Amino acid sequence: EVGCSKALQCVLAKKYGIPVPKTICSANPTPEQIRTAFGEDSAFVVKPDRGGSGMDVIKFDSVAAYSQSYEQDPVAGPAGALGSSPNGLYIAQEFLPHTGGIYRAEFVDRQFLYVFHIQVSDSHGFNLCPCELQPSDYSITTDFRHPILDTFHRFLEGTGIHNCGFEFILDQSGDPQVIDINTFSAYNTEAETRAGVRGGHRAIAEAVRKRAEMI
2 EVGCSKALQC VLAKKYGIPV PKTICSANPT PEQIRTAFGE DSAFVVKPDR
52 GGSGMDVIKF DSVAAYSQSY EQDPVAGPAG ALGSSPNGLY IAQEFLPHTG
102 GIYRAEFVDR QFLYVFHIQV SDSHGFNLCP CELQPSDYSI TTDFRHPILD
152 TFHRFLEGTG IHNCGFEFIL DQSGDPQVID INTFSAYNTE AETRAGVRGG
202 HRAIAEAVRK RAEMI
């Protein structure tokens, strides 16, 4: 359920102290709501409340640009530009440039596995699945050290989730900002092999075996 709803992710992120970009959730995010949240000329993205996917994400560079799209069909509201939302909610979120790439911290059975980093550009768009990239695009490390890992662990303990990937970017201050909490992790086994790390599928298999032995 967490992996399917960006709105729920944001609620739980706030509860457990996970930093996320400024976000509003609404059944009909109006230009006035956007202006109040982000200001007149700040870039932001709007999408149906669909976690784990970049489908139908649209970036706007200003409220004026959003107003132009929104007012083309004010009755339909965001659905006119973005398509229908699975639950009727839409997410508007501050846009943070990902020029420094995207990071993802992988946890299996609530244990930290590794962090991978991929360098992306605007040409990749928003509907990007890291596991579909070439292994050479990855940088994987098990030596990532940051207090955010403890925060992720508290989140997993509090929600009862065992396997999860936390995608984040670094803001201008170098602090992580989480942009997705993915409970449907897909691993790039070739990239893991190249990096010489224990792979996600193997870690899950080991966790399942341990649980079976306890029965």
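FYI, the numbering for the sequence shown is 2 to 216, going by our numbering. Built from N, CA and C at the ideal position, the CB exists for glycine as well. Given the structure is predicted, the values throughout are model-derived calculations rather than measurements.
Given residue i, which residues of its chain have a CB within under 6 Å of its CB, disregarding the five upstream and five downstream residues?
i	result
alanine 38	Ile25
arginine 36	Val64
arginine 111	Leu157 and His163
Would you report the Cα separation of residue i and residue j, rounded to the nearest angstrom?
i	j	result
glycine 175	phenylalanine 45	20 Å
glutamate 207	valine 116	19 Å
valine 121	aspartate 138	9 Å
glutamate 191	threonine 142	15 Å
glutamate 193	alanine 204	12 Å
aspartate 144	leucine 150	12 Å
leucine 13	leucine 90	17 Å
isoleucine 180	glutamine 173	15 Å
arginine 199	tyrosine 188	11 Å
valine 21	glycine 159	18 Å
glutamate 136	alanine 196	Per the sequence presented here, residue 136 reads as proline, with glutamate not at that position. Approximately 9 Å between the Cα atoms of the pair.
glutamine 69	valine 58	17 Å
histidine 154	glutamate 72	43 Å
serine 140	glutamate 133	14 Å
glutamate 214	lysine 15	36 Å
threonine 184	lysine 211	21 Å
aspartate 42	lysine 23	15 Å
Mark residue i as exposed unless 16 or more other C-beta atoms lie within 10 angstroms of its C-beta, in which case mark it buried.
i	result
arginine 51	buried
arginine 48	The question names arginine, but residue 48 is lysine in the sequence shown. Under this definition lysine 48 is a buried residue.
isoleucine 119	buried
alanine 8	buried
alanine 93	buried
glutamine 1	Lying outside 2 to 216, the shown extent of the chain, residue 1 is not represented and no answer is given.
serine 85	exposed
arginine 105	buried
proline 87	exposed
valine 109	buried
isoleucine 216	exposed
glycine 40	exposed
glycine 4	buried
Keeping to the same chain, check which residues put their C-beta closer than 7 Å to that of residue i; ignore five residues upstream and five downstream.
i	result
serine 107	Reading off the sequence, residue 107 comes out as glutamate, not serine. Only Leu114, Tyr115, Gly166, Ser186 and Gly201 meet the Cβ criterion.
leucine 171	Gly101 and Pro177
lysine 60	Ala44, Val46 and Phe96
threonine 152	Tyr17, Gly18 and Ile19
phenylalanine 169	Tyr104, Pro177, Gln178, Val179 and Ile180
aspartate 62	Ala44
Pull up the CB-CB distance for residue i and residue j, whole angstroms please, since I reckon it's below 8 Å.
i	j	result
tyrosine 67	proline 98	Not confirmed; about 18 Å, so no contact.
Within a Cβ cutoff of 8 Å, which residues of the same chain sit near residue i, ignoring the five residues on either side of it in sequence?
i	result
serine 27	Gln34, Leu90, Tyr91 and Ala93
histidine 147	Pro177
> Quick one: complete beta strand (DSSP E) runs, 3+ long, within the stretch 119-201?
Replying inline: 139-142, 165-171 and 177-183
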